[in-house]
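Just so you know, we're using our numbering here: the sequence shown kicks off at 66 and counts up by one. Written below as structure tokens is the structure these notes are about.
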Amino acid sequence: MTQHFIVIGNPINHSKSPKIHQTFAAQTDIDIRYQRQYCPDNEASFVAVVEAFFYGGGVGANVTVPFKQIAFSHCQTQGGLSEHARVAGAVNTLLIKDGAVYGDNTDGQGLVNHIISLGWPLDGARVAIIGAGGAARGVVLPLIEAGIASLTIANRTLSKAQTLVTELSAASQTIERQAIATCTTAELTGEFDLIINATSIGLTGDTLPIADSLNTHYAYDMMYGRALPFLQHFTRRGAQVSDGYGMLINQAALSFERWTGRAVEVAAATIDLQSPLT
Ligand code: ATR
66 MTQHFIVIGN PINHSKSPKI HQTFAAQTDI DIRYQRQYCP DNEASFVAVV EAFFYGGGVG
126 ANVTVPFKQI AFSHCQTQGG LSEHARVAGA VNTLLIKDGA VYGDNTDGQG LVNHIISLGW
186 PLDGARVAII GAGGAARGVV LPLIEAGIAS LTIANRTLSK AQTLVTELSA ASQTIERQAI
246 ATCTTAELTG EFDLIINATS IGLTGDTLPI ADSLNTHYAY DMMYGRALPF LQHFTRRGAQ
306 VSDGYGMLIN QAALSFERWT GRAVEVAAAT IDLQSPLT
């Protein structure tokens, strides 16, 4: 029997999720139909779409911009949340559990799994995240669970980094136990093993103020599909770099596994997906 899935967003036309999940379905021999679902940008419409989909027998939904926080609130009041979704304050994966809508967030673990697949060491790593918005919030707990030694959060607006650390520490004892430093992006200096760009700067054409005395072995940009000055800078400095395309594939793989109970081979899917994507 065909299992139905959707990705809910606005805009949604360019989502790569249907293609990615079809690849996983072919790999696991599961019959799926995965569609893009446009939704007007308001909470009532989002809830109506979700309820109609699951009442109609849908198995799972992905949630993307601008609905991840609305999905979180809906699951918090009407159903349940995974630990990663609760701490992230955002949901990217919906399913039905014990008769109610349940929200998970696989974005941060997708990033961690991609970094591990690149062979970059996380256990004992000195890590800096640049950015203190939703993207940064979602990766902190999975990074700490992966065994990093230290974490610094740098942001253009220092107070937002400080507020983020206070909120995350209150939300999770695992995070509370990890001392997290904060500074402005321009003040971020010294030696790191890994620096992650979690700002939305790639969308604006601006460049980050990166100190000359800032060094890292590995640099990761959560954006993909465009020239990324952050990665170009650290490539010139001799670091290994990656954009966030592998994070996209890995978060999808985790969603697929939550829904179907079947593990997928992410490396094979990444190769399959290279050419057909637009
Ligand atoms: P997202 O959900 O993608 O994280 P967000 O919550 O709006 O989006 O957060 C955007 C992040 O990118 C913030 O850390 C923001 O810095 P501020 O908190 O100082 O606004 C950062 N950012 C966006 N544009 C930037 C720019 N031109 N220079 C530096 N940082 C920028």
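Think of the CB as a built atom: it goes at the ideal place given N, C-alpha and C, for glycine as much as any other residue. None of these values were measured; they are calculated from a predicted model.
- In this structure, the straight-line span from the alpha carbon of Val-72 to that of Ala-197 is close to 25 Å.
- Beta bridge pairing from DSSP links Gln-68 with Ile-97.
- Look at Lys-81 here: in three-state DSSP terms it is coil, with no helix or strand label.
- DSSP, reduced to helix, strand and coil, places Asp-172 within a helical segment of the structure shown.
- With respect to the 8 Å criterion, Thr-249 and Arg-221 are classified as neighbours on the basis of their beta carbons.
- Residues whose Cβ lies closer than 7 Å to any heavy atom of ligand 1, listed in chain order: Gly-196, Ala-197, Gly-198, Gly-199, Ala-200, Ala-201, Asn-220, Arg-221, Thr-222, Lys-225, Thr-250, Ala-263, Thr-264, Ser-265, Ile-266, Thr-269, Asp-271 and Leu-273.
- Taking Gly-267 as reference, the option from Leu-313, Met-287 and Leu-259 with the minimal CA-CA separation is Met-287.
- As for any beta strand (DSSP E) of minimum length 3 sitting wholly inside the region 262-320, the runs are 279-286 and 305-307, ordered along the chain.
- Under the Cβ criterion (8 Å, minimum of three pairs), the region 146-154 does not count as touching the region 245-261.
- The C-beta distance from Ala-219 to Ala-226 rounds to 7 Å, short enough to fall under 8 Å.
- Closest in C-alpha terms to Ser-278, from the list Thr-272, Glu-252 and Gly-74, comes Glu-252.
- Rounded to whole angstroms, the Cβ separation of Ala-246 and Thr-217 is 4 Å, and the two are in contact under 8 Å.
- Relative to the Cα of Asn-127, the nearest Cα in the group Ala-136, Thr-264 and Tyr-120 belongs to Ala-136.
- With fewer than 16 other Cβ atoms from the protein chains shown falling within 10 Å of its own Cβ, His-79 counts as exposed.
- Close CB contacts of Ser-147 within its chain, under the 6 Å cut and outside five residues either way in sequence, are with Asp-169 (chain order).
- Membership of Ile-218 in the beta strand (DSSP E) is indicated by the continuous run 215-220.
- Between the alpha carbons of Thr-231 and Pro-186 lies a distance of about 27 Å.
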